[in-house]
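For reference, the structure is listed below as structure tokens.
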Amino acid sequence: MFSTRRSLSLRLIISMGLLSLAASTILAAVQLHFKYKSNIAAVHESLDLVASGDLKSISASLWQLDTTLLDIQLHGLVARPNFVHATIVQSGKTIAAAGRVDAKRSIRREFDLTFSFNDQPYELGKLVLVASLDGIRDQVGREFLEILFGEAIVALLMASALLFLFHRQVGMHLHALAARVRDISPANLEQPIALCKRYRDDELDQVTASLEKMRRGLLDAFTKLSEEVEERRIAESRLSQAKEQAESATQAKTQFLANMSHEIRTPMNGIMGMLELAMDNSDPAVMQKYLQTAMRSSRSLLRLLNDILDLSRLEASRMPVVEEPFNIRELMEELTDSFQAVVLDRGLALRSTVDENVPPFLLGDSVRIRQILTNLIGNAVKFTLRGKVEIRVSSLTPARSGAHRIYIEVEDTGVGIPDQAQTGLFAPFAQADSTQTRKFEGSGLGLSITQQLVVLLGGSLAFESSPHGSLFAVCLPLHPATQQPPRHEPPIQSETEPPMSALKVLVAEDNPVNSLIAMKFLEAMNHEPTLATTGQEVLEFMRSESFDLVLMDIQMPEMDGLEATRIIRSWPESEGGKTPIVAMTAHAFSSDSDRFMAAGMNGHLPKPISRRDLERFLRSLPGPRQT
Numbered sequence: 023m024f025s026t027r028r029s030l031s032l033r034l035i036i037s038m039g040l041l042s043l044a045a046s047t048i049l050a051a052v053q054l055h056f057k058y059k060s061n062i063a064a065v066h067e068s069l070d071l072v073a074s075g076d077l078k079s080i081s082a083s084l085w086q087l088d089t090t091l092l093d094i095q096l097h098g099l100v101a102r103p104n105f106v107h108a109t110i111v112q113s114g115k116t117i118a119a120a121g122r123v124d125a126k127r128s129i130r131r132e133f134d135l136t137f138s139f140n141d142q143p144y145e146l147g148k149l150v151l152v153a154s155l156d157g158i159r160d161q162v163g164r165e166f167l168e169i170l171f172g173e174a175i176v177a178l179l180m181a182s183a184l185l186f187l188f189h190r191q192v193g194m195h196l197h198a199l200a201a202r203v204r205d206i207s208p209a210n211l212e213q214p215i216a217l218c219k220r221y222r223d224d225e226l227d228q229v230t231a232s233l234e235k236m237r238r239g240l241l242d243a244f245t246k247l248s249e250e251v252e253e254r255r256i257a258e259s260r261l262s263q264a265k266e267q268a269e270s271a272t273q274a275k276t277q278f279l280a281n282m283s284h285e286i287r288t289p290m291n292g293i294m295g296m297l298e299l300a301m302d303n304s305d306p307a308v309m310q311k312y313l314q315t316a317m318r319s320s321r322s323l324l325r326l327l328n329d330i331l332d333l334s335r336l337e338a339s340r341m342p343v344v345e346e347p348f349n350i351r352e353l354m355e356e357l358t359d360s361f362q363a364v365v366l367d368r369g370l371a372l373r374s375t376v377d378e379n380v381p382p383f384l385l386g387d388s389v390r391i392r393q394i395l396t397n398l399i400g401n402a403v404k405f406t407l408r409g410k411v412e413i414r415v416s417s418l419t420p421a422r423s424g425a426h427r428i429y430i431e432v433e434d435t436g437v438g439i440p441d442q443a444q445t446g447l448f449a450p451f452a453q454a455d456s457t458q459t460r461k462f463e464g465s466g467l468g469l470s471i472t473q474q475l476v477v478l479l480g481g482s483l484a485f486e487s488s489p490h491g492s493l494f495a496v497c498l499p500l501h502p503a504t505q506q507p508p509r510h511e512p513p514i515q516s517e518t519e520p521p522m523s524a525l526k527v528l529v530a531e532d533n534p535v536n537s538l539i540a541m542k543f544l545e546a547m548n549h550e551p552t553l554a555t556t557g558q559e560v561l562e563f564m565r566s567e568s569f570d571l572v573l574m575d576i577q578m579p580e581m582d583g584l585e586a587t588r589i590i591r592s593w594p595e596s597e598g599g600k601t602p603i604v605a606m607t608a609h610a611f612s613s614d615s616d617r618f619m620a621a622g623m624n625g626h627l628p629k630p631i632s633r634r635d636l637e638r639f640l641r642s643l644p645g646p647r648q649t
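Residue numbering for the sequence shown is 23 to 649, as defined by this note's numbering.
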């Protein structure tokens, strides 16, 4: 309940009453001030009348020295309003006087008394009159109190009337609204908030409408409470599922790392074991067989590392996509030819068909598409023990954007995918089954990389599987190319290639094994290599000798390859500032290659390198390289 002292109506009326009383008081004070000034002016007028009407008779009485008449005349003056004292002074002596001077505030006026006899004026003395202002002040004070009392009564009556009217028009309705809002609870939310008065669209009606809107909002909130509770329960359930998925992902990562350890150690064991056997054997034929096996194991390890690198690029969104024209039919022929040897060795059939409605030239990233199909075809061949592998390419109706939906199917008659492994088949850290992994080899990264590559190209990947085989379907949105791709002539084989002219090559490499490999490869190609193990040595060799090419490692002591390259590029051409510099490093990301080019290098040869890779790279460099 509201306290009377805190009532808005009472506080408002008291404020209005006090304000009205203060205004009335100020107005009355102003009025009485002017009246006080007017009364003082009247006193001055009375004094002026004495000068014009009484001085002549008083001067005559004084001429005749009629003291009795003077006394009567002075008492007559004192009897007038506000005059309290009258004195006749002659030569500093009081001749006659009437009244007394006891006023707190007064006006004193002196008049000269003269008398004319035989047309000759004579100064007889002075008349001194004193007018008291105390009566005027008392009168003004009494009138002020009377006005103040009257105004207070009027203000009280007006305040009472206003209090009654305010209570009827506002106060009682505010009290009712406050009580209704205070008592709001879920039990009475159905009851509307309304006022017992005619609707006028005033402030009270607007407040009531706002409160009614609030009530409906609360009612809706309470109505939806059960739904929110259910949603919270569902959210908690999803959170629990997410937790389980996270735990499963952690377990999958652990299993993945274990499998990676196995997959890495297997080729490493082949490399180290075969090399050790070759070292212990002096038969050239047997040694050659061991070395070939070690080379196959090293290539297997390199493929695994490349898969891990591709996966990390995709997950970091750092895999570049390059759109360029390519011939889809030539691509399928090249893929089919690349798998023919493996297929024939396993006694399988491999066929590829391209529908006539597929445009001959498409615009897309042929490198990524080749990688996708290589993984799918490789898996199909690997998991097919007998039967065939078919690749079919078709085109669906072009979308409004003009892109054809190229549909590529890879179907095999292999062992299929177990039901329990199909759910997480494309997960980055999931593998089908450790038994199959051991039986068929492989790291289980291929499908994960394939699925992410398809998404990167804006397509989709789906599959069907049974114990009699699997079907993987890729759908890619590709535009027809407006121009044909450039023709790439098949590379000339080493035995038919003309020999290269001898190059003077500066090899910048601090690792003894890597430097030995590079030096021996170059010597075998009849080039003249020089070794520098630090960036500082590179600068010293470049200042003292002239080189045709610099193979630059990036991480070296004293000065890295990038800094050395920047310094060389600052030199004039006559001092070797234009010498070709190629990064030969284990940094294999495209962003790394961009850094190398920005530093002034002319190319990028990622490790590990083979003699064939190095020779092809040297032949690809501009300038005369053949004799």
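For glycine and all other residues, C-beta sits at the position ideal for the given N, C-alpha and C.
Beta-carbon proximity check, residue i vs residue j, cutoff 8 Å
i	j	result
residue 606	residue 540	yes
residue 494	residue 473	no
residue 123	residue 97	no
residue 399	residue 357	yes
residue 388	residue 346	yes
residue 371	residue 410	yes
residue 589	residue 598	no
residue 84	residue 155	no
residue 323	residue 286	yes
residue 150	residue 89	no
residue 343	residue 241	no
residue 81	residue 41	no
residue 68	residue 102	yes
Status (buried if at least 16 other CB within 10 Å, exposed otherwise) for residue i
i	result
residue 361	buried
residue 551	buried
residue 39	buried
residue 185	buried
residue 94	exposed
residue 516	The predicted position of residue 516 is uncertain, since its pLDDT is 45 and thus under 50; a value taken from the coordinates is nonetheless stated next. Exposed, since its Cβ has fewer than 16 Cβ neighbours within 10 Å.
residue 534	exposed
residue 312	buried
residue 105	buried
residue 76	buried
residue 583	buried
residue 512	Caution is warranted here: a pLDDT of 45 is assigned to residue 512, below 50, making its placement in the model unreliable, and no coordinate value can be reported.
residue 484	exposed
residue 279	exposed
residue 564	buried
As assigned by DSSP and simplified to three states, the class of residue i
i	result
residue 257	helix
residue 603	strand
residue 165	helix
residue 138	strand
residue 381	coil
residue 48	helix
residue 115	strand
residue 550	strand
residue 349	strand
residue 581	coil
residue 433	strand
residue 376	strand
residue 107	strand
residue 292	helix
residue 486	strand
residue 197	helix
Same chain, Cβ closer than 6 Å to residue i, neighbours up to 5 away in sequence not counted
i	result
residue 436	405, 406 and 491
residue 623	587, 603 and 605
residue 571	525, 527 and 602
Sequence-distant residues of the same chain with beta carbon closer than 8 Å to residue i, five excluded per side
i	result
residue 487	438, 439, 444 and 493
residue 215	199, 202, 203, 230, 233, 234 and 237
Integer Cβ distance of residue i from residue j, believed to fall under 8 Å
i	j	result
residue 428	residue 498	5 Å
residue 601	residue 580	The pair is not a contact, with the Cβ atoms about 20 Å apart (cut-off 8 Å).
residue 61	residue 158	4 Å
residue 296	residue 319	7 Å
residue 165	residue 71	Contact flag wrong, Cβ pair sits at about 25 Å.
Contacting residues, own chain, Cβ-Cβ under 7 Å from residue i (five flanking each side not counted)
i	result
residue 264	none
residue 615	626
residue 425	499, 500 and 501
Any chain D beta carbon closer than 8 Å to residue i
i	result
residue 375	Although the question refers to chain D, the structure presented lacks it and comprises just one protein chain.
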